[in-house]
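Quick note, the sequences are listed as chains A and B, same order.
Heads up: the first sequence is residues 1 to 318, going by the numbering used here.
Heads up: the second sequence is residues 1001 to 1241, going by the numbering used here.
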Amino acid sequence: MNAIETTGLTKYYDKLCAVDHLSLLVNNEIFALLGPNGSGKTTTVLMLTTLLRPTEGSAAICGHDVVREGEEVRKRLSYVPQDMAVDIKLTGRENVLLFARLYGIANPKDTTDEVLAIMELSDRADDLIRTYSGGMRRRLELAQALVHEPDVLFLDEPTIGLDVTARKKIWEHIRQLRKNGMTIFVTTHYMDEADQFCDRVGIISRGAIVALDTPAALKAQLEKDVITAKVSGSPGPVEIGGVRCVGQMNGEITFTADNGREAMPLIVRALETQGIMVTSLSMREPTLDDVFLHAVGTAEEPGHFDYQQFRTMLRRRK
Amino acid sequence: MRGVKDYIVRDMIKWFRSPVSVVSMLVMPAAWLIFVGLALPVSFTGNYLDFITPGILVMTMLSSSLNGGTLLMFDKILGFLNKFLALPTPRESILVGKILFITIRGAIQATIILVIAVLIGATILSPAQYGMIYLILLLFGFLMSACATTIALYLGDHDSYAAFNTMISMPLFFTSSALMPYNVMPAWLRTIARLNPLSYAIDAVRAAGAGTVPLLQIGLLVAMGGVVIAICMQMFRRVTV
Chain A
1 MNAIETTGLT KYYDKLCAVD HLSLLVNNEI FALLGPNGSG KTTTVLMLTT LLRPTEGSAA
61 ICGHDVVREG EEVRKRLSYV PQDMAVDIKL TGRENVLLFA RLYGIANPKD TTDEVLAIME
121 LSDRADDLIR TYSGGMRRRL ELAQALVHEP DVLFLDEPTI GLDVTARKKI WEHIRQLRKN
181 GMTIFVTTHY MDEADQFCDR VGIISRGAIV ALDTPAALKA QLEKDVITAK VSGSPGPVEI
241 GGVRCVGQMN GEITFTADNG REAMPLIVRA LETQGIMVTS LSMREPTLDD VFLHAVGTAE
301 EPGHFDYQQF RTMLRRRK
Chain B
1001 MRGVKDYIVR DMIKWFRSPV SVVSMLVMPA AWLIFVGLAL PVSFTGNYLD FITPGILVMT
1061 MLSSSLNGGT LLMFDKILGF LNKFLALPTP RESILVGKIL FITIRGAIQA TIILVIAVLI
1121 GATILSPAQY GMIYLILLLF GFLMSACATT IALYLGDHDS YAAFNTMISM PLFFTSSALM
1181 PYNVMPAWLR TIARLNPLSY AIDAVRAAGA GTVPLLQIGL LVAMGGVVIA ICMQMFRRVT
1241 V
């Protein structure tokens, strides 16, 4: 039995197609749904958590249909939306105890203590949430979601607006949950996090999955190296087979090449014949950012791939 | 229904931890009671305080209910509602808990107003009469809080609801039988006052105070409450699927 299974899952808002025939299988793993704003990530999560009715197709959580067996589905999942909805006038313990009671679990008080300890909030449990930092509030939400030991955990943008340390901590907790056998479905904007912490990544664009694999396999598929050359002067166009100039700014030119190691000397030679001095040269492997822009950029703006690539280069330089 | 109590406890704690809102909601009815109830020179009754107290009690329930309309709307806006809806707890418990909380809160406030009224000279009634008064206030509370919650869910944003609240509360109060008996009203006002649901509750509380059982008004409140709660359930289901 699959933890999450969708078949042709579709959602229309009037005429706008938010999710377009999505078919997915997710099991004991951390699955990340990546996509630009408005690509249908949250709509997908809402349908899977029974908060929104699909227009077409079906989805099942642990074998239970999300439309016909809503209550069975809700018994097996926990959902943490991106809004950070915790009652600031309640203490940490009260917030978690509320959920423990609502889930109707056998021993609400002890379980509350347990999950607060797991999320490292025990010493602040009796303080009002008003005094909690963003990272602590997020961990408290995870604690709320864990009181009934769900099979599937849905996290919508779990690290949005958190600092690096807090983000790392959240991901450590998520990894631990996966090890204990939970299926975790996250949506995120942060490519580096998906790359580092997720087992599988689905890139969604205009409601459809455009790439789906492990982060390593996705990067391998791109099969391109990224080369940056620092030069003096401004060179004219460089024409080398298998090499593509994708940007030029502040004395730096960026290329992508099928085989970077072989392309580097060719680039230097081509530039030197133009009378341009190359002061430094670097090569790196593609990141998930490149994969994302390749998948989404081409899908959304056909013919403008160079421009998209150029923008990634600019962003990375900061 | 599972979860109802937990939702009520949550709202109760939040309410008690905001002392400003606890006190501020009592100021208006207390001011009416003291400054109008004690000071207005009227000729139709010897004890105006006894006459106006039922009106003020109902007004307290009304303002508590109208203020309470925002609670579920804010839960929706702030993302709490989605978290609650994703729980295996029956979804209707959210709504039932909200209506009960708003009504209980109104009854607590009405109790404080009643104590003030007695302290400044209102006649003390028998326990049975107070029991009847509370029954009427609770029925009225269910009706009004369901009504307010429905309208707030329908309007969907706080500004529109605040405007609606301001627009409706005073006219509703002035066109009821709260301030004067029907026989001293001008004819046009009498017609409106007879149709105003506030009047049913006020007349019923007055009848209970006078020692009779106002079956007609109680029946009307139950019927109207039933209809409004049914509409409210529909509205709630519409915004939650």
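Note that CB positions come from ideal geometry on N, CA and C, so glycine has one too.
Should residue i go down as buried or exposed, given a rule of 16 or more other Cβ atoms within 10 Å for buried?
{"i": "A:K15", "result": "exposed"}
{"i": "A:S282", "result": "exposed"}
{"i": "A:K224", "result": "buried"}
{"i": "B:K1005", "result": "exposed"}
{"i": "B:Y1161", "result": "buried"}
{"i": "B:T1150", "result": "buried"}
{"i": "B:F1298", "result": "Nothing can be reported for residue 1298 of chain B, as the shown portion of chain B is limited to 1001 through 1241."}
{"i": "A:D163", "result": "exposed"}
{"i": "A:S232", "result": "exposed"}
{"i": "A:H304", "result": "In this predicted model, A:H304 has a pLDDT of only 42, less than 50, meaning its place in the structure is not dependable; the value taken from the coordinates is given anyway. Under this definition A:H304 is an exposed residue."}
{"i": "A:E301", "result": "Here A:E301 scores only 41 on pLDDT, less than 50, and its place in the model should not be relied on; the value that follows carries that caveat. Exposed is the call here."}
{"i": "A:Y13", "result": "exposed"}
{"i": "A:E120", "result": "exposed"}
{"i": "A:V19", "result": "buried"}
{"i": "B:D1157", "result": "exposed"}
{"i": "A:D123", "result": "exposed"}
{"i": "B:P1019", "result": "exposed"}
{"i": "B:V1115", "result": "exposed"}
{"i": "B:R1238", "result": "exposed"}
{"i": "B:F1044", "result": "exposed"}
{"i": "A:W171", "result": "buried"}
Just to check, is the beta-carbon of residue i closer than 8 angstroms to a non-hydrogen atom of the ligand ZN?
{"i": "B:L1137", "result": "Of ligands this structure carries none, so the ligand ZN is not represented either."}
Going along the chain, which residues of its own chain have a beta-carbon closer than 7 angstroms to the beta-carbon of residue i, five neighbours each way excluded?
{"i": "B:M1224", "result": "L1143 and P1197"}
{"i": "B:V1096", "result": "M1001 and V1004"}
{"i": "A:D87", "result": "N95 and I129"}
{"i": "B:A1110", "result": "L1057, T1060, M1061 and L1137"}
{"i": "B:V1118", "result": "I1124"}
{"i": "B:D1050", "result": "A1122 and T1123"}
{"i": "B:Y1154", "result": "M1235"}
{"i": "B:A1193", "result": "T1175, S1176, S1177, Y1182, M1185 and S1199"}
{"i": "A:H294", "result": "L222"}
{"i": "A:T49", "result": "L77, Y79 and F154"}
Does DSSP put residue i in a helix, a strand or coil?
{"i": "A:R316", "result": "Bear in mind that a pLDDT of 49 at A:R316, under 50, signals an unreliable position, so the model cannot answer this."}
{"i": "A:C17", "result": "strand"}
{"i": "B:A1044", "result": "The sequence given here places Phe at residue 1044 of chain B; Ala does not occur at that position. B:F1044 falls in the coil class under three-state DSSP."}
{"i": "A:C245", "result": "strand"}
{"i": "A:T91", "result": "strand"}
{"i": "A:H294", "result": "helix"}
{"i": "A:P302", "result": "Residue placement at A:P302 is poorly supported in this model, since its pLDDT is 39, which falls under 50; the coordinates are not used for a value here."}
{"i": "B:E1092", "result": "helix"}
{"i": "B:A1086", "result": "coil"}
{"i": "A:E272", "result": "helix"}
{"i": "A:H64", "result": "strand"}
{"i": "A:G104", "result": "coil"}
{"i": "B:L1172", "result": "helix"}
{"i": "B:S1018", "result": "coil"}
{"i": "A:I267", "result": "helix"}
{"i": "B:I1231", "result": "helix"}
{"i": "B:S1160", "result": "helix"}
{"i": "A:R53", "result": "coil"}
{"i": "A:T42", "result": "helix"}
{"i": "A:T279", "result": "strand"}
{"i": "A:R284", "result": "strand"}
{"i": "A:I30", "result": "strand"}
Leaving aside the five residues before and after residue i along the sequence, list all residues of the same chain whose C-beta is less than 8 angstroms from its C-beta, in chain order.
{"i": "B:I1202", "result": "P1054, G1055, V1058, S1176, S1177 and A1178"}
{"i": "A:K89", "result": "L128, I129 and R130"}
{"i": "B:F1016", "result": "V1022"}
Grab me the residues of residue i's own chain with a C-beta within less than 6 angstroms of its C-beta, minus the 5 sequence neighbours each way, in chain order.
{"i": "A:A166", "result": "G135"}
{"i": "A:E5", "result": "L25 and A60"}
{"i": "A:K179", "result": "none"}
{"i": "A:L22", "result": "T6 and L9"}
{"i": "A:D258", "result": "G242"}
{"i": "A:G207", "result": "C17, A18, V19, D20 and G40"}
Notebook entry, point to check: Of the residues that make up the segment 1122 to 1137 of chain B, which ones have a beta carbon closer than 7 angstroms to any beta carbon in chain A?
Noted result: none
Next item on the list: Quick one: which residues of the segment 1069 to 1084 of chain B get their C-beta closer than 8 angstroms to a C-beta of chain A? List them in chain order.
Entry: L1078, G1079, F1080, N1082, K1083 and F1084
Notebook entry, point to check: What residues in the segment 92 to 123 of chain A have a beta carbon less than 8 angstroms from any beta carbon of chain B?
Noted result: E94, L98, F99, R101, L102, Y103 and G104
Note to self: Tell me which residues of the segment 131 to 147 of chain A have at least one Cβ-Cβ distance to chain B shorter than 7 angstroms, keeping chain order.
What the structure shows: none
Margin query: Give the list of continuous alpha helix (DSSP H) stretches no shorter than 4 residues that lie fully inside the segment 155 to 240 of chain A.
Written below: 164 to 179, 191 to 197 and 215 to 222
Check: In chain order, what residues of the segment 1102 to 1118 of chain B put their CB closer than 8 angstroms to some CB of chain C?
Finding: No chain C is part of this structure, whose protein chains are labelled A and B.
Notebook entry, point to check: Mind pulling the alpha helix (DSSP H) runs of 4 or more residues that sit fully within the segment 109 to 162 of chain A?
Noted result: 134 to 146
Margin query: Closer than 7 angstroms between beta carbons: that is the criterion. Which residues of the segment 78 to 89 of chain A meet it against chain B?
Written below: Y79, P81, D83, A85, D87 and K89
Notebook entry, point to check: When you check each C-beta in the segment 1194 to 1220 of chain B against every C-beta of chain A, which residues fall closer than 7 angstroms?
Noted result: none
Note to self: Can you pull out the residues from the segment 1017 to 1049 of chain B whose beta carbon lies closer than 9 angstroms to at least one beta carbon of chain A?
What the structure shows: R1017 and S1018
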